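Colleague: Be aware that the sequence shown starts at 251, since it is given in the working numbering, and climbs by one per residue.
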Amino acid sequence: MDAHDAPAFLREVILFLAFAGVLIPLLQRRRINPVLGFLAVGMMVGPFGLGQHTDAVPWLRHLTFSRQEDVSIFAEFGVIFLMFMIGLEMSVDRLWAMRRLVFGLGALQVGLSALTIGGIAYAFGNTFESSVVLGFVLSFSSTAVVMQLLTQRREVGTPLGQATFSVLLFQDLAVVPLLVVVSVLGQKSGESVSTLMGVAALKGIVTVALIYFIGSRIVRPLFHQIAAIRQSESFMAVTLLTTLGVAVLTQAAGLSMEMGALLAGLLIAETEFRHEVEVTIEPFKGLLMGLFFMSVGMGIDVSAILAEPMLLPLSVIGVLAIKGLILIVLFRLFGLSWGRAAEGGIMLGQGGEFAFIVIGMALGLGLINPTVGHFMLLVVGLSMLVTPPLTFFGRKLGDGIDAKLGGTAPEASAPLDQISGHVIVAGYGRVGQLIGELLSEQGIPHLAVESDAKRVKKLRARGAPVHFGDASRPELLRKLHLERAVAVVLTMDHTAAAVHAVKGIRASSPGIRIAARARDEAHAQALRDAGATVVIPETLESGLQLAGSVFETLGVPGDVAARLLEQERARRIAVFRPS
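1. Rounding to the nearest angstrom, what Cα-Cα distance links Phe-327 and Val-295 in this structure?
2. Rounded C-beta distance between Phe-315 and Leu-541? I'm assuming under 8 Å.
3. Roughly how many whole angstroms lie between the Cα atoms of Ala-664 and Val-417?
4. Use the C-beta contact count for Ile-468: other C-beta atoms within 10 angstroms, 16 or more gives buried, fewer gives exposed.
5. What would DSSP say about Val-736, mapped onto helix, strand or coil?
6. In this structure, does DSSP put Arg-752 in helix, strand or coil?
7. Less than 8 Å separating the beta-carbons of Phe-604 and Phe-390?
8. Could you name the residues that DSSP lists as bridge partners for Ile-764?
9. Could you tell me if Gln-683 is buried or exposed, where buried requires 16 or more neighbouring beta carbons within 10 angstroms of its beta carbon?
10. Can you give me the C-alpha to C-alpha distance between Leu-313 and Val-307, rounded to a whole angstrom?
11. Please work out which residues of its chain come closer than 6 Å, Cβ to Cβ, to Ser-235, disregarding the five sequence neighbours upstream and downstream, and give them in chain order.
12. Check whether the Cβ atoms of Ile-596 and Leu-640 lie closer than 8 Å to each other.
13. Exposed or buried, which one is Arg-349 when buried takes at least 16 other CB atoms within 10 Å?
14. How big is the Cα-Cα spacing for Lys-704 and Ala-478?
15. Name the residue from Leu-632, Met-509, Leu-726 whose alpha carbon lies nearest to the alpha carbon of Leu-289.
16. With 16 as the cutoff for other CB atoms within 10 Å, does Pro-787 come out buried or exposed?
17. Near Ser-670, which residues of its chain fall below 6 Å by C-beta distance, leaving aside the five closest residues on each side in sequence?
18. Could you tell me the alpha carbon to alpha carbon distance between Thr-783 and Ala-812, rounded to whole angstroms?
19. Which residue spans inside the region 379 to 422 form an unbroken alpha helix (DSSP H) run of at least 4?
20. Nearest-angstrom Cα distance between Glu-816 and Gly-677?
21. Buried or exposed: where does Gly-301 fall if 16 or more other Cβ atoms within 10 Å of its Cβ makes it buried?
22. Straight-line CA distance for Leu-388 to Phe-353?
23. Just to check my reading of the structure: Thr-741 and Gly-805 have Cβ atoms closer than 8 Å, yes? What is that Cβ distance to the nearest angstrom?
24. What's the call for Pro-760, buried or exposed, on a 16-neighbour Cβ count within 10 Å?
25. From Ala-774 to Gly-781, what distance separates their C-alpha atoms?
26. Do Val-546 and Gly-292 have their C-beta atoms within less than 8 Å of each other?
27. Does the Cβ of Ser-484 have 16 or more other Cβ atoms within 10 Å, making it buried, or fewer, making it exposed?
28. Tell me which same chain residues have a C-beta within less than 6 Å of the C-beta of Ala-612, skipping the five on either side of it?
29. Run through DSSP, which three-state label would Val-806 get?
30. With DSSP run on the structure shown, which of helix, strand or coil describes Leu-460?
31. Count the other CB atoms within 10 Å of the CB of Gly-495; is the residue buried (16 or more) or exposed (fewer)?
32. If you draw a straight line from the alpha carbon of His-303 to that of Leu-310, how long is it in whole angstroms?
33. Have a look at Val-706 and Arg-712 and give me their C-alpha separation to the nearest angstrom.
34. Taking its Cβ as the centre, do 16 or more other Cβ atoms sit within 10 Å of Met-251, making it buried, or is it exposed?
35. Hey, Glu-351 and Thr-393: beta-carbon distance below 8 Å or not?
36. For Val-425, tell me which candidate among Ala-592, Thr-621, Leu-472, Ala-357 has the shortest Cα-Cα distance.
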């Protein structure tokens, strides 16, 4: 990049940050879905919107994007971080627990949708190769749009949310072999397709196996070293390095960067640093995904819609209807009620973000007619644009269907790692471990958070359910399903961090019970003011035990001494309960 390009590059970045930081919150205030907001803003300020009038109105150059390519590289980073976050959700144990939904429901959805859409594309005169690519790529849904909607509605842990996530997860796994298929079909060598496919598959398997084998022996020790020095900047740098580094390695091996990001997430998902990394990377993913949706909006040409007033809307409706009907039947077969199956079918009917990557790759290889390719990109973009309002309609429709039919169909069970009714222990030193042992003896599930990496490593080796992270960050506790926990116990040594944690937890879950350990009565008062339900000063118990030994020396009967101590304990603890 030379000196003349730098100002333009900075202008694009500043303009996007202005839209993300100022305009989008205004849209949210009016209850406009942020995904829909980014798409709409992209359409408005993109090269097919106000950006096409910069020659006639020069000042618009300061407020618009005249070229979609100006933001495409950032949008690609958004997809990379999306795949990384998906990888964090894809631990081997979780895949095994969800195997019926992921490899049963997901595989059936992709296969049936691809066969149906590909057959229709072939009937309309497309080549066999083009029909294969279009059939598979249009069978995919938008992970970014759907997961954003599920997260906003807090439905990720519901049966519908888990079934939807399973379908999206299989689709994301299927992207990699699809990219291999497209690259093989686009090669002009004289070798047979089966030979090329075999070589490509072998190359991919060897590359992934090597990266996973070597990475699994490097990633955990590396994160342990960084976590030991307790510098958040270094932890963030190593997280970004792992994500982008593995992505570059897979690209150099002839695979996609998206595959590398997925693999990087999977490597970290097997470690105790998973939740802390999720919290660390979340702001980057959100911003870059916003930029991705803006770039999608920039690719929607309103004039092309007006030029095809019937064909384009009918094509969008056709894709939504074909995938929706297939999904409704499959969701019902896999245990969802008719109402929730209808909601899920409507939610997953759109095209996905990987269509822009796969179709773009197919266009470059000459597999798809340029007119057809650009038309299908418009179809995908419009289907993503209408998804948020359609999902709202789908929820109302599903509720109505279940109300009419009684909603008696059995719901799919949540996966094994969807813990609920548990206790979160923040700080897993001597006191935290004692609490954990007592909970385990009584069969009460619990999860622990500890900021000492060495301690976490040692305890996880013993099978303790402890995760690395800063418990004063309530967003980390939400990763441990704070909303489904029955209580939080704070045993942290750091006074300010404990007070900060209580405030954050209370803001996120106003009704949850918070029991906190305090150094002294001043610390106890601060925790009480922050919203702790019960506060136990360390000095209280040590003082009571010393008083008990004195009573014993003076010959006070045991039951009397016990009663006196209990009365004093109750009186002092009551002082530190919120009124």
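Cβ atoms here follow ideal geometry from the backbone N, Cα and C, with glycine treated the same way. The structure presented is a predicted model; accordingly, all values stated were derived computationally and were not measured.
Modeller: Once the coordinates are examined:
1. Counted from its first residue, the sequence shown places residue 327 at position 77. Counted from its first residue, the sequence shown places residue 295 at position 45. Whole-angstrom Cα-Cα distance: 21 Å.
2. Reading the sequence shown from its first residue, position 65 is the one you call residue 315. Reading the sequence shown from its first residue, position 291 is the one you call residue 541. Incorrect: roughly 11 Å between the Cβ atoms, too far for contact.
3. To locate residue 664, count along the sequence shown from 1; it is residue 414. To locate residue 417, count along the sequence shown from 1; it is residue 167. In this prediction, Ala-664 has a pLDDT of 39, which is less than 50 and means its spatial position is unreliable; what the coordinates show is noted afterwards. Ala-664 and Val-417: Cα-Cα distance of roughly 15 Å.
4. Residue numbering aside, residue 468 sits at position 218 when the sequence shown is read from its first letter. By the 10 Å Cβ count, Ile-468 comes out exposed.
5. Stepping through the sequence shown from its first residue, residue 736 is reached at position 486. DSSP places Val-736 in coil when its eight states are reduced to three.
6. For the purposes of this step, residue 752 is taken as the residue at position 502 of the sequence shown. One detail in the question is off: residue 752 reads as Val in this sequence, not Arg. Here Val-752 sits in helix by DSSP.
7. Numbered from 1 along the sequence shown, position 354 holds the residue referred to as residue 604. Numbered from 1 along the sequence shown, position 140 holds the residue referred to as residue 390. Contact: yes.
8. Against the sequence shown, residue 764 aligns to sequence position 514. Its beta-bridge partners are Val-738.
9. Translated into positions along the sequence shown, residue 683 becomes position 433. Buried: at least 16 other Cβ atoms inside 10 Å.
10. To locate residue 313, count along the sequence shown from 1; it is residue 63. To locate residue 307, count along the sequence shown from 1; it is residue 57. Here the alpha carbon of Leu-313 sits roughly 11 Å from the alpha carbon of Val-307.
11. Outside the modelled stretch of the chain, which goes from 251 to 829, sits residue 235, for which no answer is possible.
12. Sequence index remark: in the sequence shown, residue 596 carries index 346 (1-based). Sequence index remark: in the sequence shown, residue 640 carries index 390 (1-based). Going by C-beta atoms, Ile-596 is nearer than 8 Å to Leu-640.
13. For the purposes of this step, residue 349 is taken as the residue at position 99 of the sequence shown. Taking a 10 Å sphere around the C-beta of Arg-349, we find fewer than 16 other C-beta atoms and assign the residue as exposed.
14. Here residue 704 refers to the residue found at position 454 of the sequence shown. Here residue 478 refers to the residue found at position 228 of the sequence shown. Cα-Cα distance, rounded: 7 Å.
15. Here the question's residue 289 lines up with position 39 in the sequence shown. Checking every option, the nearest Cα to that of Leu-289 belongs to Leu-632.
16. Locating residue 787 in the sequence shown gives position 537, counting from the first residue. Residue burial is scored here from C-beta neighbours: Pro-787 has at least 16 other C-beta atoms within 10 angstroms and is therefore classed as buried.
17. Locating residue 670 in the sequence shown gives position 420, counting from the first residue. Cβ neighbours of Ser-670 beyond the five flanking positions: Arg-734.
18. As a first step, residue 783 must be located in the sequence shown, where it is residue number 533. As a first step, residue 812 must be located in the sequence shown, where it is residue number 562. When rounded, the separation of the alpha-carbon atoms in Thr-783 and Ala-812 is 25 Å.
19. List check, alpha helix (DSSP H) in window: 393 to 402.
20. Residue mapping note: residue 816 aligns to position 566 of the sequence shown, counting from 1. Residue mapping note: residue 677 aligns to position 427 of the sequence shown, counting from 1. The straight-line gap from Cα to Cα measures roughly 27 Å.
21. Residue 301 sits at position 51 when you count from the first residue of the sequence shown. With 16 or more other Cβ atoms from the protein chains shown falling within 10 Å of its own Cβ, Gly-301 counts as buried.
22. For the purposes of this step, residue 388 is identified with residue 138 of the sequence shown, where counting begins at 1. For the purposes of this step, residue 353 is identified with residue 103 of the sequence shown, where counting begins at 1. When rounded, the separation of the alpha-carbon atoms in Leu-388 and Phe-353 is 19 Å.
23. Taking the sequence shown and counting its residues from 1, the one referred to as residue 741 is at position 491. Taking the sequence shown and counting its residues from 1, the one referred to as residue 805 is at position 555. That belief does not hold up - the Cβ atoms of Thr-741 and Gly-805 are roughly 36 Å apart, past 8 Å.
24. In the sequence shown, the residue the question calls residue 760 occupies position 510. Pro-760 comes out exposed.
25. Within the sequence shown, the letter at position 524 stands for residue 774. Within the sequence shown, the letter at position 531 stands for residue 781. When only Cα atoms are considered, Ala-774 and Gly-781 end up about 11 Å apart.
26. On the sequence shown, position 296 is the one that residue 546 refers to. On the sequence shown, position 42 is the one that residue 292 refers to. At a Cβ-Cβ threshold of 8 Å, Val-546 and Gly-292 count as neighbours.
27. Along the sequence shown, read from residue 1 onward, the residue named residue 484 stands at position 234. Burial call: exposed.
28. The sequence position of residue 612 within the sequence shown is 362, counting from 1. If we look at Ala-612 and ignore the five residues flanking it on each side, its Cβ neighbours are Val-383, Val-432, Ile-618.
29. By one-based count along the sequence shown, residue 806 stands at place 556. DSSP places Val-806 in coil when its eight states are reduced to three.
30. Within the sequence shown, numbered from 1, the residue matching residue 460 stands at position 210. Leu-460: helix per DSSP, three-state reduction.
31. If you number the sequence shown from 1, residue 495 lands on position 245. Under this definition Gly-495 is an exposed residue.
32. Translated into the one-based positions of the sequence shown, residue 303 becomes position 53. Translated into the one-based positions of the sequence shown, residue 310 becomes position 60. Those two C-alpha atoms are separated by around 7 Å.
33. Working through the sequence shown from its first residue, we reach residue 706 at position 456. Working through the sequence shown from its first residue, we reach residue 712 at position 462. The alpha-carbon atoms of Val-706 and Arg-712 are separated by roughly 10 Å.
34. The sequence position of residue 251 within the sequence shown is 1, counting from 1. The predicted model places Met-251 with a pLDDT of 46, which falls under 50 and marks its position as unreliable, so this point remains unresolved.
35. Working through the sequence shown from its first residue, we reach residue 351 at position 101. Working through the sequence shown from its first residue, we reach residue 393 at position 143. According to the sequence as given, residue 351 is Leu; it is not Glu. Against a cut-off of 8 Å, the Cβ pair of Thr-393 and Leu-351 comes out as no contact.
36. Stepping through the sequence shown from its first residue, residue 425 is reached at position 175. The shortest C-alpha separation from Val-425 is found at Ala-357.
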